[in-house]
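Peer 1: Quick one: the structure is below, and I'll ask about it shortly.
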Amino acid sequence: MPTILITGAGRGLGFELARQYGEDGWRVIGTVRDAVAGRKVAKLGAETLSLDVTNATQVKQLAARLKGLPIDVLFCNAGISGKRGMALGSFDFAEWEKVLRVNLLGAAAVIETLIDHVAASERRIVAVMSSRLGSIAETSGMTLPYSTSKAALNLLAKGLAAELAPRGVIVVALSPGWVKTDMGGQSAPLTPQRSVQGLRTVIAGLRLEQSGKFLSYDGSTIPW
């Protein structure tokens with residue numbers, strides 16, 4: 004039975020990832036930040052672990068709790084959007100730093116802590132949840148804290164892909180599209196179900212030569 008660990012599994016796309024992988028027979032480990040989310044994920048039949056990705060102690064404890072467990076897919080999904088509409092003259096640097104700590108540094112910490120578990124697995128895949136808003140080529144200049152965090156996350160994925168290639172580990176940045184979630188809003192055209200179906204198809208077909216790519220849920224390559 005393959006194993007996937009999903010951070011931020013308590014809601015939105017993380018929850019849908021846990022649901023679909025569980026229904027497909029995977030062992031699912033979902034990290035959550037509170038007991039309410041934990042109970043919700045547990046009802047899917049998934050294992051739950053409490054984790055704040057910005058808490059270094061909790062991240063280190065995660066590796067100890069999973070000692071000896073190969074992780075076929077590590078999906079760094081935990082993220083926040085931060086304040087919208089931030090522009091020159093109204094920068095909130097404390098808020099910006101918070102977004103970077105969760106979206107970028109949190110993912111980096113989890114990957115660093117669990118990479119040996121991934122390398123010991125059969126599939127050896129690390130996926131980070133990015134966004135088209137993190138594409139420098141396509142940026143509109145809106146949502147700067149969120150966009151810069153995702154652009155940096157893309158660079159992290161690209162850099163780690165090169166570093167981990169000798170170990171046979173695939174690292175990709177994935178965009179779920181614009182999805183109807185708390186973060187995406189109800190005007191979004193995609194359902195979580197359709198987005199995650201696409202993400203799972205992309206992950207299932209990954210090859211080592213695709214490591215370091217920025218891919219959409221529909222399998223297309225997104226410009227950096």
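Numbers 4 to 227, taken from the numbering used here, label the letters of the sequence shown in order.
For every residue, glycine included, the Cβ atom is placed at its ideal position computed from N, Cα and C.
1. According to DSSP, simplified to helix, strand and coil, what is residue 69?
2. With DSSP as the reference, please indicate the residues paired to residue 94 in a beta bridge.
3. Between residue 80 and residue 92, what straight-line distance do the alpha-carbon atoms span, to the nearest angstrom?
4. Quick one: residues in its chain with C-beta nearer than 6 Å to the C-beta of residue 9, no 5 flanking neighbours on either side, listed in chain order?
5. In terms of residues, what are the limits of the alpha helix (DSSP H) holding residue 116?
6. Counting along the chain, where does the beta strand (DSSP E) carrying residue 2 start and finish?
7. So, do the region 66-75 and the region 117-125 have three or more beta carbon pairs nearer to each other than 8 Å?
8. Using the DSSP secondary-structure output, state which residues sit across from residue 142 in a beta bridge.
9. Using only alpha-carbon positions, find the residue among 57, 124 and 127 that is nearest to residue 103.
10. Does residue 166 come out as helix, strand or coil in the three-state DSSP assignment?
Peer 2: Quick answer:
1. Against the sequence shown, residue 69 aligns to sequence position 66. DSSP places residue 69 in coil when its eight states are reduced to three.
2. What you label residue 94 is simply residue 91 of the sequence shown in a count that begins at 1. The partner list for residue 94 (beta bridge, DSSP) is empty, contrary to what the question assumes.
3. The residue labelled residue 80 in the question sits at position 77 within the sequence shown. The residue labelled residue 92 in the question sits at position 89 within the sequence shown. Spanning the two alpha carbons is a distance of roughly 31 Å.
4. Here residue 9 refers to the residue found at position 6 when the sequence shown is read from its first residue. Answer for residue 9: 17, 20, 21, 33, 78 and 80, listed in chain order.
5. The sequence position of residue 116 within the sequence shown is 113, counting from 1. Residues 110-122.
6. Coverage of the chain is limited to positions 4 through 227, which leaves residue 2 absent and any answer about it impossible.
7. yes
8. The sequence position of residue 142 within the sequence shown is 139, counting from 1. Looking at the DSSP assignment, residue 142 forms no beta bridge with any residue, so it has no partner.
9. Numbered from its first residue, the sequence shown carries residue 103 at position 100. Out of 57, 124 and 127, 57 has the C-alpha closest to the C-alpha of residue 103.
10. In the sequence shown, the residue the question calls residue 166 occupies position 163. Residue 166: helix per DSSP, three-state reduction.
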